[in-house]
Structures are given as C-alpha cells and as structure tokens.
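Report on the structure given below.
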Amino acid sequence: MRALPWLYLAAGFLFIYLPVGVLVLFSFQEGTLPVPPFEGPSLRWYAGVLSDDDLTAALLNSVLVALGQGAVAVTLGFLAAYGLARHVVPGTVFLRALLIAPLTVSYLIVGLGLLIVVQRAGLGLSLWTAGIGHVVINLPICFAIIYASMGAQQQTAERAARDLGAGEIDVIRLVTVPMLAPAILAAYFLSVTLSWDEFIIAFLLTRFDVTLPVEIWSMLRSGLSPRLNAIGSVVFLVSVTAVVAAELLIFRRRR
Amino acid sequence: MSNRRDTLKGWGFAAPALLWTTAFFVVPFVVMAAMSLATLDGRTLIWGLHADNYLELAEKRYLWRAVLVSLEITATVTVLSVVLAYPLAWIIAFRVPARWQRLALLLAILPFWTSYVVRSYAWLLVLAREGVVNQTLMTLGIIAEPVTLANTRIATVTGFVHFFVMLLTLTIYANLVQLSPNYRRAAMDLGANAFQTFRHVILPLTLPGIATGAFLTFVLCIGDYITPQILGGNTELTVPQVIMVQLGRRADFPLASALAIVLMGLVTLAYLGAARWLRIDRL
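Here the protein sequences line up with chains A and B, keeping their order. In case it helps, the numbering used here puts the first sequence at residues 1 to 255. In case it helps, the numbering used here puts the second sequence at residues 1 to 283.
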C-alpha cells in the first residue's frame, strides 16, 4: 500500500517519457526503420539532417518568425496593458475582453479566417502572413501576463519618478519596463515557444517558404524513418534547452 | 492632467493592439461567418444568406458523423486525462518531498514542449505494428500476433491523453498546493480517513481548477487537426480534418466556414456547461 503512490508516479513518468524515449533512441538506428530491434548507435541520420537544405531553411524561417512575432506581440501587449492599467479608459472591461478574445478560439479558426481574408484581398501567402497569425494568438497571452503583473507597487514608483520630473516615456523606459522585466521576458519566451511549435496557422498561411513544423509534416507523408527521429530529437533538444534556460534565468530569480 | 487627456493617452497606448486584433482577428472572423452563409455555384462564390452549408451538414452522413466522432473523442480524452492526471498531481504535491517537487513537476511536463507534430509521430512509432508496445506484449507472451493500434481511435486518444495529462498535472498541482494544509488537518482531526478527506474536502475545493483544466482540454482537443490526422488513420474523420478536406481537395470555403462555426458552437456549449465552476479570470 505504501509503495502504491510511487508505483503510480513511476508508471506516469513511463507513459510521459515513452514517446520521447523511443523517438530519441531510434534516431541512432543504424537500419532504415525506426522500430525494434535497435541496431547502432549510428549518427548517419543526424548527418543527413544537417546537409538537408530544405530543412535548414525551414529551421531558419521558424526562428525568424518566432523571434519577430514575439517582439511584436510583446510590444503591443505591453503598450495595451500599460494604457489600460495606468490610464482611465472608459469601457476597459470590453476592451480587455476584445484583446483576450482570440484565446477562446481554435487556432484552426484563426488561421481559416485569415486565409479567407488574405485570399479575398488577393494577397499572397508568405512567412509574413504566418507571422501576423502568430501575433494574433500570442498578443492575448502577452497582454494578460503583463497586465496581471502591473501592481500598485510599480505604480508608486512610477508616480515618484513623475514627481521628480520624468516624462511619461522616461517613466516607462526607466521604471515600468525594468520593474516588469520578469513578466515581459516570460511573455516573450512563451510566445516564441508557442510560435516555434505552431503548425496549423503556419500550414494554412504559408506557401513556398515554410516553417519547421510544416516541413516536418510534409516529410512525414513518406512514412516512418529514423531521419524524422533525428529531426524530432533536435527540435526536442532545442525546446528543452529553452525551457530549462528560462526556468533557471527567469523563474528562479523571482523566488 | 485632465481626464480627457488621460483617456486619450490610454487609448493611444492600447490602439496598436486593438487595431491588430480588430484587423486580423475580428474582421477575418466576421468574413468567415459571412462565408458560412455564402454558397458555391459550381466554382463561383455567391454571397448572401443561404442556409445551404448548414443543411448539407445535417443531411450528409460524413459531415454530421464527424461532429459525433469529435465529441466522442474529446469527451473520452477529457475524462481520461483528468482521472489520470489528478493522482499524479496529488502524489507530486503531497508525497514527493518539498525540495524535489519543483524538479518532479518540471520533469512531468518537459515533453509537453516537444514539437506538436513530432510528438504525434513519436506515438505512431510506439504504437506501430512492429513498434515497442506490440514487441513488448509479444515478448511477455500476452499476445501472439501484433495488435493494430496505430491508425485507430485508440492511437488518437492515447496521443491526446499524453499531452493533456501533462497540462492537467500542472494545473491541478497548482490548485492543490494553493490549499491551506489546515483543511486537511482539520478533516483528519475530525476523524475523516484519507479517502473521506479527499472526497468531502479536497475534491470540492479543487473543482474549479479541474473544471478550468477540463474546459481547456476540451477546447484544445476538439479543435486539433494534427493528432487525429497523424494517429487516427482515415477510417473516421474529426471536424478539423473535414474542414481541412474542404479547404484542400474541394476548395469549398463556405462549407469549411460553416463547420468552423459549428466547432465554435460546440466550444460555447461546453463553456456554458462548465461555467458554473469556471474561474476564467483566474487563468
């Protein structure tokens, strides 16, 4: 009876790590099928990944889109949070609901709506349209995180700065932003990660230049291969490094 | 500073975000809703107030069947995920020593950050005919022949549950550690055993958190295309899959839009159903 919780915990972790473990293990497969028995280890599939131009291009696209849309989302989110928290704006409740609204809708629907508009307007699909779509889904998150952390404590400091003669831009630059740095960083980090991983919007709104998840998706159609395992393991490694780095850099410091 | 100027400044700061959301979310959404009421004459799009798409949805089996399949899968996934994640969160919150808790939690949700597409692919490997699960079961002598797991609903549900168990472990854990230990102590002092404490004290207190997590699961699960597409095979399609078929092969945007509206309707119904317990503002 005593051991039951620990058995459950072990079973839970086994379930959670089973796909990742299999993915990484068979990325070192010598043969051409990523299923048991394991033969290897071999690095041949990783060498293939690095020399694949489509794949490295998609990886670069993903990084550009993720960083760029994150910067836009966090800037717009911060400005809106500041405007609504620090100034008296009638209808704040409605405006907040409007800004949060995209969160309540499936990514598929956000992507479909944008696709229809872009096509009706006769515009082309590109990484830009995918980036616009990613800002739509990440702006609410950035706004919510930053708005929630705008407390009375910062307000006092802002007022003090203003009394000492600082203009509003200086107050924001020298007081508000530094004091909210953890929330702003967390928001930026979260939106970059979400964009890096996002599939359906990127799939609907890109054409020739695609992001990494879309490229992986198109490779998947040709069936199981250790090559996909190798790519997947690399992507996993990148995400995990980012998460652990964020945990250490942003969240540790707050304690 | 006068009130008017203050208000104006507030608007000024919020304007870029409001414009962005209006231009790239509200307008597309309205256009999509209008599109769902348009109709196709051959390849020409005719705007107007036509109910054709919604009628087609009620008449054609493969369309309304998709709604049922989506609901069945989502309901199964939501219930299974909550039932499996709760004990996990409980053990991490109350059994794992305090200084290991953060690490245990981080480990429990780390694969959450695997790429979405990659995670489904990994499950395909695990569940394949020659995959780890079949090989293990055959080695143990539980089955003689490989069982078909990949490309079935079982695979879709497994892939989904894997993802949402991690998400729910996080939200339920956050809920459990917020509770004052005094509630548990009081219940124990009053003679409740562990199960009674759980049933009458902890569970009711964590219900809002569970409802929020379950609602999130419902919304994300019912709108997902990747997991059923990679893991589910082509024997039964979910609503997002049917939407993508309309967009791709048939370029039937009006019908796709109508299906998207139906999808939103289902989410709204789920919201109304869970609203009693939901604390969205606490998200």
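Glycine included, each C-beta is placed from N, C-alpha and C at the ideal position. Remember, it's a predicted structure, so these values are computed and weren't measured experimentally.
Setting aside the 5 residues that flank it on each side, B:F160 is surrounded in the same chain by I73, V77, S81, C221, D224 and T227, each with a C-beta closer than 8 Å to its C-beta; the list follows chain order.
Here B:N53 is near B:S36, since their CB atoms are less than 8 Å apart. Following the DSSP letters along the chain, one finds B:L140 in no alpha helix (DSSP H), marked with neither H nor E. In the DSSP assignment, B:T156 falls within the alpha helix (DSSP H) that extends over R153 to Q178. DSSP places A:D54 in no beta strand (DSSP E) but in the uninterrupted alpha helix (DSSP H) bounded by D53 to R86. For B:T217, the enclosing alpha helix (DSSP H) has its first and last residue at L203 to I222. According to DSSP, residue pairing for B:T44 in a beta bridge involves B:D41. Taking a 10 Å sphere around the C-beta of A:R221, we find fewer than 16 other C-beta atoms and assign the residue as exposed.
The continuous stretches of alpha helix (DSSP H) do not include B:H50, and DSSP gives it neither H nor E. In the structure shown, A:F15 falls within a helical segment according to DSSP collapsed to helix, strand and coil. Contact of B:I230 with chain A by beta-carbon distance below 8 Å involves L220. Ranked by how close their Cα comes to the Cα of B:L18, the residues A:L67, A:F13, A:A58 and A:G83 have A:G83 in first place. Here DSSP, grouped into helix, strand and coil, assigns A:P37 to coil.
In the structure shown, B:Y225 falls within a coil segment according to DSSP collapsed to helix, strand and coil. Within the region 135-149 of chain A, the residues whose Cβ lies closer than 7 Å to some Cβ of chain B are V135, V136, L139 and F143, listed in chain order. With contacts defined as CB atoms closer than 8 Å, B:A270 and B:A211 fail to qualify as a contacting pair.
At least 8 Å separates the beta-carbon of B:L49 from that of A:F26. Going by DSSP, A:W128 is part of the alpha helix (DSSP H) stretching over L127 to A148.
A:P34 is the residue among A:L108, A:F13, A:A73 and A:P34 whose C-alpha sits nearest the C-alpha of A:G232. Within the region 122-151 of chain B, the residues whose Cβ lies closer than 8 Å to any Cβ of chain A are, in chain order, A122, W123, L124, L125, V126, A128, E130, G131, V132 and Q135.
Distance from the CA of B:V239 to the CA of A:V105, rounded to the nearest whole angstrom, comes to 15 Å. For A:H134, the closest alpha carbon among the candidates A:G31, A:F236 and A:I109 is that of A:I109. Here B:M32 is not near A:G111, since their CB atoms are 8 Å or more apart. Of all alpha-carbon atoms in A:L228, A:Q119, A:F199 and A:P102, the one lying nearest the alpha-carbon of B:F29 is that of A:P102. Between A:V234 and B:I230, the alpha-carbon positions lie close to 20 Å from each other.
Residue state for B:N193 is assigned as coil, using DSSP reduced to three classes. Interface residue (Cβ-Cβ distance to chain A less than 8 Å): B:K60 is not classified as such. When secondary structure is reduced to three states using DSSP, A:F208 falls in the coil class, being assigned neither helix nor strand. Excluding the 5 residues flanking it on each side, A:S195 has same chain C-beta neighbours closer than 7 Å at V65, A66, Q69, G70, H134 and N138, in chain order.
The continuous alpha helix (DSSP H) containing A:I116 extends over residues Y107 to R120. The alpha carbon of B:A155 has as its nearest neighbour, out of B:A38, B:L176 and B:R129, the alpha carbon of B:R129.
In terms of CA proximity to A:E30, A:S225 leads the group A:E247, A:R96, A:T211 and A:S225. Rounded to the nearest angstrom, the Cβ distance from A:E158 to A:D54 is 50 Å, too far for a contact under 8 Å. Per DSSP, the unbroken alpha helix (DSSP H) holding A:N229 starts and ends at P226 to A246. Within the region 28-48 of chain A, the residues whose Cβ lies closer than 8 Å to any Cβ of chain B are, in chain order, L33, P34, V35 and P36. Under the three-state reduction of DSSP output, B:N234 falls in the coil class, being neither helix nor strand.
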